[in-house]
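Residue 167 in this note's numbering is what sits at position 166 of the sequence shown, and the numbering runs on without skipping anything.
The C-beta atom is built at its ideal place from N, Cα and C for all residues, glycine as well.
The block underneath contains the structure these notes are about, expressed in structure tokens.
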Amino acid sequence: MPELPEVETVVRQLRTGDGVRGRAVVGQTITSVTIKWARHIATPAPRELKKRLPGQRVTAITRRGKYLVFHLTRDVLLIHLKMSGDLMMVNHHAAPDKHAHTIFHFKSGRSLRFTDTRKFGKVFLVKDAEEIVGHLGPEPLEKDFTAKRLGTMLREHRRALKPLLLDQTFIAGLGNIYTDEALHRAQLHPLRQSDTLQPAEVRALWKSIRQALMLGLRHNGASIDWVYRGGGFQNYFRVYDRANEPCLTCGTPIQRIVVGQRGTHFCPHCQRPSQRSKV
Ligand SMILES: [Zn+2]
2 MPELPEVETV
12 VRQLRTGDGV
22 RGRAVVGQTI
32 TSVTIKWARH
42 IATPAPRELK
52 KRLPGQRVTA
62 ITRRGKYLVF
72 HLTRDVLLIH
82 LKMSGDLMMV
92 NHHAAPDKHA
102 HTIFHFKSGR
112 SLRFTDTRKF
122 GKVFLVKDAE
132 EIVGHLGPEP
142 LEKDFTAKRL
152 GTMLREHRRA
162 LKPLLLDQTF
172 IAGLGNIYTD
182 EALHRAQLHP
192 LRQSDTLQPA
202 EVRALWKSIR
212 QALMLGLRHN
222 GASIDWVYRG
232 GGFQNYFRVY
242 DRANEPCLTC
252 GTPIQRIVVG
262 QRGTHFCPHC
272 QRPSQRSKV
């Protein structure tokens, strides 16, 4: 599933069109929408969405957590790529793609295709983005996400680190890859209880979350099991998807365990369960 760096990469590409004239989504005016998979449309009803969008111009594109946020003249359109979603600008006459389930057509003769092989993606059209993203936790790369704030948040929760970091209401944008990578960088066991961290460990976790995400961004995200273009972060994984391979720090084979139904990768030597941990 695309996480913060992958979604941010898509946002940046759509915002600028990769420098190709006419390919940027910002500034485009919607003329119509084709919906081939009605369950893509979370809200409003597909018929209402098709009626409300024409004539609206895209004024900006931002990201909140794993959501792409298209600011329109009158409404806000949000897209969640979920497992396999991707967004691609094409010409109207481009060869059809059977996985393009929702297509936004623009006055310029271009279209934005929402392709989604596994069909879990979602589209939301609302007046105020907060209706959809208001429940999300802080953005880990923003200035207001400080080590001190993370320390308070960790103490308020008494949960194992891995599921807590995956919880979008705790921190927005982290998924399986960046959580495993951050915990390895911070040398913290995935099952460590959040309220047992020492101040130095909180700081290490804060720094590691940001470093893992920034490295991901620098490589345009990771390309692994979803339809996605160009990302190279998969070549820099320390633990994710590396079960039985040697830890890059100490050589111990990386272990894979299942935590809350999610495959979790860690180094049993570098990320030892602390005595205070309930594991
Ligand atoms: Zn190790």
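Query, Result
"With 16 other Cβ atoms within 10 Å as the buried cut-off, status of Ser195", "buried"
"Straight-line gap, Ile42 to Pro274 (C-alpha atoms, nearest Å)", "43 Å"
"heavy atom of ligand 1 below 6 Å from Thr10 C-beta", "no"
"Heavy atom of ligand 1 within 6 Å of His266 beta-carbon", "no"
"First and last residue of the uninterrupted beta strand (DSSP E) at Tyr68", "68 to 73"
"Contact set for Leu5: own chain, Cβ-Cβ below 6 Å, skip 5 residues either direction", "Gly174, Leu214"
"Which listed residue (Thr74, Gly135, Thr10) has its alpha carbon closest to that of Leu82", "Thr10"
"Exposed unless 16 or more other CB atoms sit within 10 angstroms - verdict on Lys20", "Per the sequence presented here, residue 20 reads as Gly, with Lys not at that position. The residue in question, Gly20, is exposed, as its Cβ has fewer than 16 Cβ neighbours within 10 Å."
"Beta-carbon spacing of Ser33, His106 below 7 Å", "yes"
"Collapsed DSSP secondary structure at Ala161 in the structure displayed", "strand"
"Beta-carbon proximity of Arg114 to Ile104, cut-off 7 Å", "yes"
"Lys67 versus Val8: straight-line alpha-carbon distance, rounded", "6 Å"
"Simplified DSSP assignment, three categories, for Gln235", "helix"
"heavy atom of ligand 1 below 6 Å from Thr147 C-beta", "no"
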